[in-house]
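Peer 1: Residue numbers (our numbering): 16 to 345.
Glycine residues also receive a C-beta, built at the ideal position from the N, C-alpha and C atoms.
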Amino acid sequence: MVKINNYVLFISSALLVLFSSILIVIVENDTFPTLFDGFWWVMTTVTTVGYGDYFPVSPAGRIIGIFLYIFGIGLIGIAIGKIVDGLTVFRKKRVEGDIVYKDKQHLIIIGWSQKAKFAIDEILDTNKEIEVVIIDELKEAPLLAENIHYIKGNASDESTLLKANLREAKAVLIFADSSLDSDQMIDGKTLLIASTIETVAPDVHTVVEVMEERHIKNFKHARVDEFIISNETISSLAVRSAFRKGVSGIYSQLLSRSVGDDLYHVPNLNNWKTYGDAFQELLNHGATLIADRNDLTINRRLHENIPEDAELYVVCDQKTYQQLLKKEAE
16 MVKINNYVLF ISSALLVLFS SILIVIVEND TFPTLFDGFW WVMTTVTTVG YGDYFPVSPA
76 GRIIGIFLYI FGIGLIGIAI GKIVDGLTVF RKKRVEGDIV YKDKQHLIII GWSQKAKFAI
136 DEILDTNKEI EVVIIDELKE APLLAENIHY IKGNASDEST LLKANLREAK AVLIFADSSL
196 DSDQMIDGKT LLIASTIETV APDVHTVVEV MEERHIKNFK HARVDEFIIS NETISSLAVR
256 SAFRKGVSGI YSQLLSRSVG DDLYHVPNLN NWKTYGDAFQ ELLNHGATLI ADRNDLTINR
316 RLHENIPEDA ELYVVCDQKT YQQLLKKEAE
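1. In this structure, how does DSSP classify Asn320 when only helix, strand and coil are distinguished?
2. Taking only runs of the alpha helix (DSSP H) that begin and end inside the segment 39-66, which ones reach a length of at least 4 residues, in chain order?
3. What residues are listed by DSSP as bridge partners for Asp310?
4. What would DSSP say about Lys232, mapped onto helix, strand or coil?
5. Can you tell which of Lys235, Trp127 and Glu227 has the C-alpha that lies nearest to the C-alpha of Pro217?
6. Quick check on Tyr328: buried or exposed, where buried means 16 or more other Cβ atoms within 10 Å of its Cβ?
7. Check whether the segment 22-29 and the segment 43-55 touch, using three or more Cβ-Cβ pairs below 8 Å as the test.
8. I want to know whether the segment 168-182 touches the segment 108-127 - three or more CB-CB distances under 8 Å.
9. For Ala160, which three-state DSSP category applies?
10. From what residue to what residue does the alpha helix (DSSP H) around Val110 run?
11. Is DSSP giving Tyr290 helix, strand or coil here?
12. Give the straight-line distance between the Cα atoms of Lys108 and Trp127, rounded to the nearest whole angstrom.
13. Hey, how far is the Cα of Phe51 from the Cα of Val57?
14. Please state whether the Cβ-Cβ distance between Leu139 and Ile149 is less than 8 Å.
15. If you draw a straight line from the C-alpha of Gly92 to the C-alpha of Ala75, how long is it?
Put into structure tokens, the structure is as follows:
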């Protein structure tokens with residue numbers, strides 16, 4: 016019976032329980048007046064619980080009981096064992112990254128590091144429900160949770176990306192592999208991964224960590240959407256902090272959901288005609304309009320009309336942002 020196909024095993028087990036429940040009610044209706052009573056006795060018998068509250072008294076009923084002792088207990092035991100084994104195998108595959116992810120609108124993180132760990136913390140602070148898929152070549156998953164998954168493989172290999180359901184992803188974050196010897200090698204590996212992603216799923220938003228700014232032109236050629244310049248960003252922040260004490264705190268607030276005010280995207284309301292309309296109404300709610308996409312000059316163009324494809328960003332706290340969303344819903 017161990018070699019029986021799983022579908023055959025489970026169907027056979029279900030038919031055995033159902034048939035035995037009906038048969039015992041027919042054979043000993045006085046002892047088992049309802050189908051549920053028969054089902055209860057069959058289940059306590061095949062699972063070897065045997066409460067003794069119901070038991071057959073006629074020869075025919077006892078023959079059914081003997082049949083369940085010989086065949087039913089073994090069949091159900093194997094079925095339960097297969098279920099337990101299946102759960103164990105599934106857990107093992109999750110830990111080892113041997114899975115195929117099939118959901119949609121998830122975030123894919125390529126390259127595990129402390130930076131990736133901080134990124135996941137920030138993602139979950141922003142949206143606790145979003146699904147995250149990590150791709151790396153580690154032996155076991157660096158992090159697992161109900162909505163965090165791991166796929167083991169080379170991220171420049173198309174088959175690995177397809178396992179992560181790249182085409183249905185919301186965005187991909189590629190972190191630089193700091194284990195390599197030089198920035199040129201690091202950016203070269205990142206570029207190879209980004210090129211594969213853009214070939215497989217050109218419409219998926221791609222964010223890449225680049226070590227040297229002079230390499231960005233190569234990533235633009237690969238149609239990467241956004242870049243985070245690792246070395247220059249840290250160096251620039253350090254210099255600014257040296258010349259003006261406390262400026263790093265401003266960056267920290269804008270980069271982290273858990274500290275102070277933050278940067279939020281707000282919907283464009285129908286009653287806003289110009290940037291000035293939006294600026295004044297948002298200011299009345301305690302939010303400061305600072306940008307349309309990556310354009311930070313709109314505070315000098317408040318008289319201009321807001322384009323239909325505008326993406327407005329404000330600085331405010333979480334409470335104010337929730338109030339703005341509630342107002343938009345109304």
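Peer 2: In short, the structure shows the following:
1. strand
2. 50-61
3. Asp307
4. helix
5. Lys235
6. buried
7. no
8. yes
9. strand
10. Ile88 to Glu111
11. helix
12. 18 Å
13. 10 Å
14. no
15. 24 Å
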